[in-house]
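Data first, discussion second: the structure below is written as structure tokens.
Residue numbers (the working numbering): 97 to 254.
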């Protein structure tokens, strides 16, 4: 639980918090195991498109990036909430596919496809903190790179 807590702090640090020096990142092998467990535990959920219950935390991710444009997504089951410089805050239903090294969420926003690929590869954010996963968010034929952590963390009031 402690690494997850510090991952949350690291996520917040991308916005302005600087308190993650003791965070021990998850290894690539552990990240792969998390995604593989997510795929196994949620195969029925993927087919039925039912939201995850609190007992299934591995079907939740929080992803963020700010290299070109700032964005943040929270995935919880089949719900994806997004806040971005290039898109009004919204929550959509997504379909989920798993593959050997990650998971992909797909839907549309305002008639345009949105795709989020989460890869089981360690990601270093702009503040130098390591996060569990590497993410590519594609919307309106533009791709944005970022990082992700396991778990759904609601946005802080701004």
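Glycine included, every Cβ here is placed at the ideal spot set by N, Cα and C.
Predicted model, so just to flag it, every value in this text is computed and none were measured.
- For the region 172-232, the full-length beta strand (DSSP E) segments reaching 3 residues or more read 175-180, 183-189, 191-195, 198-205, 208-215 along the chain.
- In this structure, DSSP gives residue 155 a helical state, which the three-state scheme calls helix.
- Membership of residue 244 in the beta strand (DSSP E) is indicated by the continuous run 238-246.
- Residue 187 and residue 166 have their alpha carbons spaced roughly 17 Å apart.
- Each residue's CA atom was taken as its position, placing residue 222 and residue 172 some 25 Å apart.
- Put simply, the backbone Cα of residue 243 is about 15 Å away from that of residue 197.
- When the five nearest sequence neighbours on each side are left out, the beta carbons in the same chain lying within less than 6 Å of the beta carbon of residue 191 are those of 202, in order along the chain.
- Measuring C-alpha to C-alpha distances from residue 211 to each of 200, 219, 218 identifies 200 as the nearest.
- By the C-beta density criterion, residue 189 is exposed, having fewer than 16 other C-beta atoms within 10 angstroms.
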